[in-house]
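To keep things clear, I will list the structure first and then write my remarks on it.
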Amino acid sequence: MKPPIRSEFGCLRARCMAVALNLCWFVPLAGCVTSGRHGVTSNNPGIATLDTAHAIALQSAVMSMSDDWNSALGAMAYQVQRDCGSDMECMWVTQAFLRNGMGASLDVAVGPNPSVAIMDMLVLCSLETWTLEHHWAGFGIPLQSGLAGVKLLAKARDSLWEQAADHLKVDELARLRMLIDAWIARHPDQTLVSFVRLADFASDRNQLTLAERADAGGLLEELNEVSLAVDDARLLGERALWYSSRYPYVLGQQAEMTALRLTQSISNQVVTQREAILSGV
0 MKPPIRSEFG CLRARCMAVA LNLCWFVPLA GCVTSGRHGV TSNNPGIATL
50 DTAHAIALQS AVMSMSDDWN SALGAMAYQV QRDCGSDMEC MWVTQAFLRN
100 GMGASLDVAV GPNPSVAIMD MLVLCSLETW TLEHHWAGFG IPLQSGLAGV
150 KLLAKARDSL WEQAADHLKV DELARLRMLI DAWIARHPDQ TLVSFVRLAD
200 FASDRNQLTL AERADAGGLL EELNEVSLAV DDARLLGERA LWYSSRYPYV
250 LGQQAEMTAL RLTQSISNQV VTQREAILSG V
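Below is the structure:
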């Protein structure tokens, strides 16, 4: 009979957390006050910018959508990790999914154009729900737990689409749904989707057809035709405060994931060494 090894790891997770937290000190927190890689404003001087009150309301809606999605991700991760038990791979894969999703959600919500950000949030929640169901449930995450998590995310995803309908046109939402479905059909094996944005649909680097890329580019241009004054002090201030109050959660998730991976690695080494010793007795 093998001697129990759980007692040997009583303090291991705490030590790994301390190491992982030290790795996170220098992550930049200023992304919310830059224009972002997808920020585009109109060059047409005849098109008026949104008034500040409307801009703030739209930005608030995006941030609310982000909070709702992050809450759903957290609930999903808690449910799955509760079922993981002592399976370290299940634990850190779930933690990685949570970290990727929340980090992407925050990045989207503080974008310079809230109209585009709403679209990006819909892209994110739709693709993350899809990839959990078709790639991670049963591969790294137990199948039944993963499918239960999919139901949670699907409910939150549908709620976000309903919220977006208050701010975007029916035609815009319908076109976006078609583009998301087309992207999935042409990228069935992509497991990491947290970096995909509306602007990527218009890029020639993906597998969408020329007509689909043109439609994505036209949709993006329409949203950017009514641009925001991104240097408005109040908009930037609220964006920065919102971002800075939430980003520590992503740092904590990164630290937790690193600790779990270190724990799994060390645990595997100890078990291997113990089996080697016992086999020689």
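Everything in the sequence shown is counted per numbering that gives the first Met the number 0, starting at 0 for the first residue and increasing by one. We put the beta carbon where it would ideally sit given N, CA and C, even for glycine.
Using 7 angstroms as the threshold, is the C-beta distance between residue i and residue j below it?
{"i": "T128", "j": "A153", "result": "yes"}
{"i": "M87", "j": "L259", "result": "yes"}
{"i": "C124", "j": "R156", "result": "yes"}
{"i": "L72", "j": "G100", "result": "yes"}
{"i": "L197", "j": "D119", "result": "yes"}
{"i": "V92", "j": "S144", "result": "no"}
{"i": "A108", "j": "V61", "result": "yes"}
{"i": "G137", "j": "M75", "result": "no"}
{"i": "A201", "j": "L219", "result": "yes"}
{"i": "A163", "j": "L121", "result": "yes"}
{"i": "L97", "j": "V195", "result": "no"}
{"i": "L57", "j": "P113", "result": "yes"}
Could you tell me the distance, in whole angstroms, from the CA atom of residue i to the CA atom of residue j?
{"i": "E211", "j": "G84", "result": "44 angstroms"}
{"i": "T190", "j": "L131", "result": "8 angstroms"}
{"i": "I117", "j": "E161", "result": "11 angstroms"}
{"i": "L105", "j": "L151", "result": "20 angstroms"}
{"i": "L207", "j": "H166", "result": "27 angstroms"}
{"i": "P247", "j": "W241", "result": "11 angstroms"}
{"i": "H134", "j": "D180", "result": "16 angstroms"}
{"i": "A239", "j": "S278", "result": "59 angstroms"}
{"i": "D214", "j": "N69", "result": "29 angstroms"}
{"i": "T262", "j": "L235", "result": "40 angstroms"}
{"i": "D284", "j": "S244", "result": "With the chain represented from 0 up to 280, any question about residue 284 goes unanswered, as that position is not in the structure."}
{"i": "I183", "j": "Y77", "result": "27 angstroms"}
{"i": "P187", "j": "G139", "result": "18 angstroms"}
{"i": "P169", "j": "D199", "result": "The sequence shown places Val at residue 169, not Pro. Spanning the two alpha carbons is a distance of roughly 22 angstroms."}
{"i": "P141", "j": "A54", "result": "43 angstroms"}
{"i": "L146", "j": "G216", "result": "34 angstroms"}
{"i": "G251", "j": "R185", "result": "34 angstroms"}
{"i": "E237", "j": "S59", "result": "9 angstroms"}
What is the DSSP secondary structure of residue i, reduced to helix, strand or coil?
{"i": "A163", "result": "helix"}
{"i": "A198", "result": "helix"}
{"i": "S244", "result": "helix"}
{"i": "G35", "result": "Note on G35: pLDDT 43, under 50, position unreliable in the model; the coordinate value appears next. G35: coil per DSSP, three-state reduction."}
{"i": "G110", "result": "coil"}
{"i": "S278", "result": "helix"}
{"i": "Q189", "result": "coil"}
{"i": "L218", "result": "helix"}
{"i": "L259", "result": "helix"}
{"i": "D86", "result": "coil"}
{"i": "T93", "result": "helix"}
{"i": "T207", "result": "It should be pointed out that residue 207 corresponds to Leu in this sequence rather than to Thr. DSSP places L207 in coil when its eight states are reduced to three."}
Locate the alpha helix (DSSP H) running through residue i, then write down its first and last residues.
{"i": "D170", "result": "V169 to R185"}
{"i": "D82", "result": "T51 to C83"}
{"i": "I117", "result": "P113 to T130"}
Tell me residue i's beta-bridge partners as DSSP assigns them.
{"i": "A103", "result": "None; A103 has no bridge partner."}
{"i": "A136", "result": "I140"}
Could you check whether the Cβ of residue i sits closer than 6 angstroms to any heavy atom belonging to the ligand MN?
{"i": "P113", "result": "Ligands are entirely absent from the displayed structure, and the ligand MN is therefore not among its contents."}
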